[in-house]
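Beneath this line is the structure, given in structure tokens, with notes to follow.
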Amino acid sequence: MQKTFARSYDSLKEIYDFTEALLDSAEVAQSVRYPVHFAMEELFTNMVKYNPENTQDISLDVATDSSSVTVTMIDHDVDAFDVSRERPVDTESPLEKRPVGGLGLHLIRHMVDTLNYQYSDRQSRITFTKGLT
Amino acid sequence: MFEIEFADDGSIRCTGRLDAAQCEKAQSFMDKVDDARTLDFAALEYISSAGLGVLLKTQKRLAASGAGLKIINANNHIRDVFRYSGFNAIFDIES
Numbered sequence: 394m395q396k397t398f399a400r401s402y403d404s405l406k407e408i409y410d411f412t413e414a415l416l417d418s419a420e421v422a423q424s425v426r427y428p429v430h431f432a433m434e435e436l437f438t439n440m441v442k443y444n445p446e447n448t449q450d451i452s453l454d455v456a457t458d459s460s461s462v463t464v465t466m467i468d469h470d471v472d473a474f475d476v477s478r479e480r481p482v483d484t485e486s487p488l489e490k491r492p493v494g495g496l497g498l499h500l501i502r503h504m505v506d507t508l509n510y511q512y513s514d515r516q517s518r519i520t521f522t523k524g525l526t
Numbered sequence: 693m694f695e696i697e698f699a700d701d702g703s704i705r706c707t708g709r710l711d712a713a714q715c716e717k718a719q720s721f722m723d724k725v726d727d728a729r730t731l732d733f734a735a736l737e738y739i740s741s742a743g744l745g746v747l748l749k750t751q752k753r754l755a756a757s758g759a760g761l762k763i764i765n766a767n768n769h770i771r772d773v774f775r776y777s778g779f780n781a782i783f784d785i786e787s
């Protein structure tokens with residue numbers, strides 16, 4: 394099911410409710426829901442943070458089948474930024490040297506099974522899947 | 693929904709979902725904390741990387757005076773987030 398959301402952190406509650414209703418209807422286990430909600434929030438907030446002047450809504454599609462949850466997020470009129478590309482992240486430095494922020498994409502990679510990025514005509518399309526088991 | 697408050701025993705009780713939309717509320721509360729505290733996550737369902745940023749910023753500030761945050765009763769998902777972030781090495785997390 395697809396729906397569009399305003400480019401604002403205030404949309405997070407609406408996104409959660411929308412997704413949760415779909416996962417409820419598909420009887421998706423609670424253990425799968427955390428990583429799905431987590432990845433959606435991280436990707437959506439990145440879209441908000443890095444294109445604050447963009448007035449276009451962000452499209453979200455959530456689908457389930459017998460083996461996985463698939464989420465597709467589409468952002469319009471944006472520069473390319475490949476979220477699937479691995480980037481170095483500091484998770485080992487002592488507290489005083491640890492940077493605040495920058496962990497989102499790193500954490501997503503631990504939580505979902507596939508993460509795909511496509512870009513054309515100034516449109517970013519991010520798809521991730523999370524297995525049901 | 694996210695709530696943060698002091699419990700009767702002086703610990704800090706977090707309830708609900710600490711996502712990016714709730715970070716300002718969480719940071720505003722944590723900015724007033726100036727000594728070692730226990731964060732009780734028994735009723736915290738969810739934390740995102742934005743929430744981790746609130747905790748890390750507070751931990752850095754408290755460490756300057758030799759204090760720190762201790763985290764108790766975190767659910768398995770939140771423990772995973774801490775582990776993947778390497779936060780288990782810079783926070784005292786009670787198992």
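The listed protein sequences derive, respectively, from chains H and S. So the first sequence is numbered by the numbering used here: it starts at 394 and just counts up by one. So the second sequence is numbered by the numbering used here: it starts at 693 and just counts up by one. Glycine is no exception: its CB is placed at the ideal position from the N, C-alpha and C atoms. Since we're looking at a predicted model, the values are computed, not measured.
- Residue-level contact check: residue 406(H) touches chain S, since one or more beta carbons of chain S fall below 8 Å from its beta carbon.
- Neighbours of residue 773(S) across chain H, judged by C-beta separation under 8 Å: 431 and 500.
- Between residue 761(S) and residue 744(S), the CB-CB gap reaches or exceeds 8 Å.
- A Cβ of chain H is located within less than 8 Å of the beta carbon of residue 782(S).
- When Cβ-Cβ separations below 8 Å define contact, residue 425(H) makes no contact with chain S.
- Residue 783(S) has its alpha-carbon roughly 11 Å from the corresponding atom of residue 775(S).
- In the three-state scheme derived from DSSP, where H, G and I count as helix and E and B as strand, residue 521(H) is classed as strand.
- Of the candidates 416(H), 518(H) and 489(H), 518(H) places its Cα closest to the Cα of residue 472(H).
- At least one C-beta of chain S is nearer than 8 Å to the C-beta of residue 434(H).
- Two segments are said to touch when three or more pairs of C-beta atoms, one from each, lie closer than 8 Å; by this definition the region 508–517 of chain H does not touch the region 699–715 of chain S.
- Under the 8 Å criterion on CB atoms, residue 450(H) is classed as non-interfacial with respect to chain S.
- Not a single C-beta of chain S is nearer than 8 Å to the C-beta of residue 417(H).
- Contact annotation, residue 773(S) with residue 750(S): C-beta distance approximately 17 Å; criterion of less than 8 Å not satisfied.
- When DSSP states are grouped into helix, strand and coil, residue 462(H) belongs to the strand group.
- When the beta-carbon positions are compared, residue 453(H) and residue 523(H) stay at least 8 Å from each other.
- Here residue 729(S) is not near residue 763(S), since their CB atoms are 8 Å or more apart.
- Using a Cβ-Cβ cut-off of 8 Å, residue 493(H) counts as an interface residue toward chain S, since at least one Cβ of chain S sits closer than that to its own.
- The Cβ-Cβ distance between residue 394(H) and residue 416(H) does not fall below 8 Å.
- Inside the region 405–476 of chain H, DSSP marks whole alpha helix (DSSP H) runs of 4 or more residues at positions 405–418 and 423–443, from first to last along the chain.
- Within its own chain, the residues whose Cβ lies closer than 6 Å to the Cβ of residue 715(S), once the five positions on either side in sequence are excluded, are 742 and 746, listed in chain order.
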